[in-house]
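Number of protein chains: 2
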Amino acid sequence: MTEPVRATLAAVAKLAGVSPSTASLAFNGSGPVAEATRERVRQAALELGYDGPDPRARSLRRGRSGIIGVVLEEALREAFRDPMNLAMLDGIADVTGAAGNSLLLLTESAGPGSALVDAPIDAAVLFGCSPVVDDKVRIVQKRGIPVVAIEGRPLPGVVDVGLDSREATRALAAHLHDLGHRRVALVTLELDRDRHRGVLNPARIDRATSFTALERIRGAQEVYPSIGGVATLGSTIDEGRLAGHALLDPGAGEAAERPTAIIAQSDLLAAGVIRAAHELGLDVPGDLSVVGFDGVRVDDPLVPELTTMVQPGLEKGRAAGRALVDLLAGREARSVAFTSAFRRGATTARAR
Amino acid sequence: MTEPVRATLAAVAKLAGVSPSTASLAFNGSGPVAEATRERVRQAALELGYDGPDPRARSLRRGRSGIIGVVLEEALREAFRDPMNLAMLDGIADVTGAAGNSLLLLTESAGPGSALVDAPIDAAVLFGCSPVVDDKVRIVQKRGIPVVAIEGRPLPGVVDVGLDSREATRALAAHLHDLGHRRVALVTLELDRDRHRGVLNPARIDRATSFTALERIRGAQEVYPSIGGVATLGSTIDEGRLAGHALLDPGAGEAAERPTAIIAQSDLLAAGVIRAAHELGLDVPGDLSVVGFDGVRVDDPLVPELTTMVQPGLEKGRAAGRALVDLLAGREARSVAFTSAFRRGATTARAR
DNA sequence: GTGCCGCGTCGAATCGATTCGACTAAGGTC
DNA sequence: GACCTTAGTCGAATCGATTCGACGCGGCAC
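Sequence lines, in order, name chains A and B.
Residues 1 to 352, numbered by this note's numbering, are exactly what the first sequence covers, in order.
Residues 1 to 352, numbered by this note's numbering, are exactly what the second sequence covers, in order.
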């Protein structure tokens, strides 16, 4: 198993009797090369088993690696359990893949070491990142690497692909208010990286770092200024179910205290809440109205079509991808904001 | 916005009044450097806004990029919809991430162009890849890049992380046979990249390229040599549902023709089949027994606990990760085969 | 016949760091 | 005091390709 010394372009050139420069031209066809020469180089390459330039060397010289970093804050399993994230990732892959780029998965934590700062990436896209990665982002930017954020806190020099989270949540809250609901509770996405569930209170909200969760809280507060609720660890049906139980089954609580409507910050959470309601013998929307967010298909026959805000996940991803491609090509890219569409499902009804 | 020429190590060295070599040593601490010198270099770096070596140059020199390619054949959205794939990916990320590697997503199609052959990867892991990528894998291997396959067809020089798909399916089939089932049908994973659903027949099976699907078919054939069924487009509940309808509701078919048991090649498919059965008014397991494969939690209250073979997805991923890390360190790595465990759920019963 | 043009090829610089061997000076040993 | 070691630093080669400017040569125009 002795490695027979991997062939280099120089070796091919020598065998073909041309200079390395010519061989290079012959290979990537970017210059005027006589057909005979090209053929000779091809032959030599074949003979030496050379199939294409070393990507490392090429990327040093060209200053491009063809790789875009996808920066996530969670473990992959969590980030990709949410179909909305998958849709966005897919949108990004669509556009950037067509432009010849691949995606590098980077899960950033706090702390000093970091794959982000010394990964050979040409650009980066942040997936709902909180401030813990800000300094690393700054380092990356200083390298001249364009950065696009999806629903990030506005950051200087970062192109943002946004969503009307706040206004959309306000609309949902207004819908509930119109239906006569006055005791309404929130079930939020994770607020920060503490990984703590818990009751929502002003102090907790102050410490929150997740931009999207905060925006959606604020939207709800515009209609219900003193709204409370619980924070979850992320967008899953299970978390929603736990939250649902926490809100609907408060031990010896009187029924009069129970919320008549719940604003869940994602459809998966909403589905979990509805399941919890079922388990407690509550009818949705008879006893409890529930709204979600996202507009993903929840694969659960017990969950009727949700009243929710439908957001264009794939399109958001594509927009991020376009921004990345534009920036890489030296073109301008502007932040864009997508809007979600209200969809009235079968999970909200007039308050009793 | 004029780029002030990104700082290089050489510039830092000059400012600090040392040679580039010393500066390099001072940075990655791999040689004897006087504390004073180190500090001077640090200061200079700070002054110039230099934060770490260019990953491209470093990777050329070192011959390592710290990147492992994850080769998938499907669009991301499809590959990651299956929780089993996510679990494996997570296992890989666990182990390789701890060793300082990141994962590059590569979706390979047939055809000449390919991100795989000129991505700066140190190693690659194949996710259930069919022969269409074989030639590209060979090119990559020739570069001296180690390759690990998860449930791949045995390929020379490729370390395999396998599963007892065939034997496990045989066990499931035997279980059904023991229960007295004689009319049994298969619902398979996708057989190849044709993207065609369809009735399973010998010709179709002959053309199939998906190793795992084939193995599981063969396992079933050991008990039911002439078993038929339908092929799906992949492991989703929806595909299972379609397949279920195709098998259980064959137009004006007599009930006597209907299978009394179905072997689904994944739990998601099984869940879909069960849902189809419900829709047709069939009781599971009363009228129909269904077995799955994988042992993932299906989040559907209508689907009881499945009779299935539980396979260790996360562990398989970790094993693949370990193999990659070992190979990168120049150590040996041997193929491993995992076994799945029979779990009797509530979806199989004695044939009427 | 001279001059100009352009195709095809080549040399050499460059991308930015790492690393090995060599060299210097200081400290320690007998 | 001669000799040896070792810490600290430096020069130069190297990784493998890309690219720019130059150059030779043949053809064409005048």
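Just so it is clear, CB atoms sit at the ideal spot from N, CA and C, and this is done for glycine as well.
Listed by chain order, chain B residues near residue i by CB distance under 9 angstroms
i, result
"A:Pro-225", "Simply none; closest approach about 35 angstroms."
Chain A contact residues for residue i, given Cβ-Cβ distances below 9 angstroms
i, result
"B:Gly-234", "In chain order: nothing, as chain A lies at least about 14 angstroms away."
Nearest candidate by alpha-carbon position, reference residue i, set the options
i, options, result
"A:Ala-99", "A:Ile-67, A:Gly-128 and A:Ser-114", "A:Ile-67"
"A:Leu-282", "A:Thr-347, A:Val-223, A:Leu-172 and A:Pro-312", "A:Thr-347"
"A:Glu-108", "A:Gly-345, A:Ile-92 and A:Cys-129", "A:Cys-129"
"A:Arg-216", "A:Thr-308, A:Lys-142, A:Asp-194 and A:Val-140", "A:Thr-308"
"A:Gly-280", "A:Asp-122, A:Lys-316, A:Arg-241 and A:Pro-301", "Residue 280 of chain A is actually Leu in this sequence, not Gly. Of the candidates A:Asp-122, A:Lys-316, A:Arg-241 and A:Pro-301, the one whose C-alpha sits nearest the C-alpha of A:Leu-280 is A:Arg-241."
"A:Ser-235", "A:Arg-195, A:Pro-202, A:Leu-314 and A:Val-125", "A:Arg-195"
"B:Leu-163", "B:Lys-316, B:Arg-6, B:Arg-350 and B:Ala-349", "B:Lys-316"
"B:Asp-326", "B:Ile-92, B:Gly-52 and B:Arg-38", "B:Ile-92"
"A:Val-336", "A:Gln-311, A:Ala-319, A:Leu-48 and A:Asp-82", "A:Ala-319"
"A:Ala-45", "A:Val-70, A:Phe-338 and A:Phe-27", "A:Phe-27"
"A:Arg-331", "A:Met-88, A:Ala-246 and A:Arg-322", "A:Arg-322"
"B:Arg-42", "B:Glu-74, B:Ala-13 and B:Val-70", "B:Ala-13"
"A:Leu-248", "A:Ala-7, A:Ala-276 and A:Ala-271", "A:Ala-276"
"B:Arg-258", "B:Thr-212, B:Phe-342 and B:Arg-352", "B:Arg-352"
"A:Arg-183", "A:Gly-69, A:Ile-205, A:Gly-157 and A:Ile-227", "A:Ile-227"
7 angstroms Cβ cut-off: residues of chain A touching residue i
i, result
"B:Phe-80", "Phe-80 and Leu-86"
"B:Pro-55", "Asp-118, Ala-119 and Pro-120"
"B:Ser-102", "Leu-104, Leu-105, Leu-106, Ala-115 and Ala-119"
Min CB distance residue i to chain A below 8 angstroms
i, result
"B:Lys-142", "yes"
"B:Asp-51", "yes"
"B:Asp-192", "no"
"B:Ile-150", "no"
"B:Thr-2", "Bear in mind that the predicted position of B:Thr-2 carries a pLDDT of just 44, short of 50, making it too unreliable to give a figure here."
"B:Ala-93", "yes"
"B:Ser-340", "no"
"B:Ser-65", "yes"
"B:Leu-89", "yes"
"B:Ile-385", "Because chain B spans 1 through 352 in this model, residue 385 of chain B falls outside it and cannot be assessed."
"B:Arg-6", "yes"
"B:Ile-68", "no"
"B:Ile-139", "yes"
Closer than 8 angstroms to chain B by CB, residue i
i, result
"A:Pro-301", "yes"
"A:Ile-217", "no"
"A:Ala-351", "no"
"A:Ala-75", "yes"
"A:Leu-60", "yes"
"A:Arg-197", "no"
"A:Ile-205", "no"
Sub-8 angstroms separation of residue i and residue j beta-carbons
i, j, result
"B:Gly-292", "B:Ala-264", "yes"
"B:Pro-131", "B:Thr-209", "yes"
"B:Asp-299", "A:Ile-274", "no"
"A:Leu-179", "A:Arg-350", "yes"
"A:Gly-219", "A:Arg-166", "yes"
"B:Leu-60", "B:Leu-105", "no"
"A:Gly-229", "A:Thr-188", "yes"
"A:Arg-6", "B:Gly-144", "yes"
"A:Ala-124", "A:Gly-69", "yes"
"A:Val-290", "A:Ile-262", "yes"
"B:Ser-19", "A:Arg-56", "no"
"B:Pro-285", "A:Pro-120", "no"
CA-to-CA distance, residue j to residue i, given in whole angstroms
i, j, result
"B:Met-1", "B:Val-147", "With a pLDDT of 41 at B:Met-1, under the threshold of 50, the predicted position of this residue should be treated as unreliable, and no value is reported."
"B:Leu-288", "A:Met-84", "35 angstroms"
"B:Val-117", "B:Ala-168", "35 angstroms"
"B:Val-159", "B:Asp-122", "15 angstroms"
"B:Val-362", "A:Gly-313", "Coverage of chain B is limited to positions 1 through 352, which leaves residue 362 of chain B absent and any answer about it impossible."
"B:Ala-34", "B:Ala-10", "19 angstroms"
"B:Gly-52", "A:Lys-142", "11 angstroms"
"B:Gly-63", "B:Arg-170", "46 angstroms"
"B:Leu-269", "B:Glu-239", "6 angstroms"
"A:Lys-136", "A:Thr-37", "48 angstroms"
"A:Thr-260", "B:Ala-333", "59 angstroms"
"B:Thr-96", "B:Leu-89", "10 angstroms"
"A:Thr-232", "A:Glu-190", "5 angstroms"
Where residue i meets chain B, residues with beta-carbon distance less than 7 angstroms
i, result
"A:Asp-294", "What A:Asp-294 touches in chain B: nothing, since even the nearest Cβ is about 15 angstroms away."
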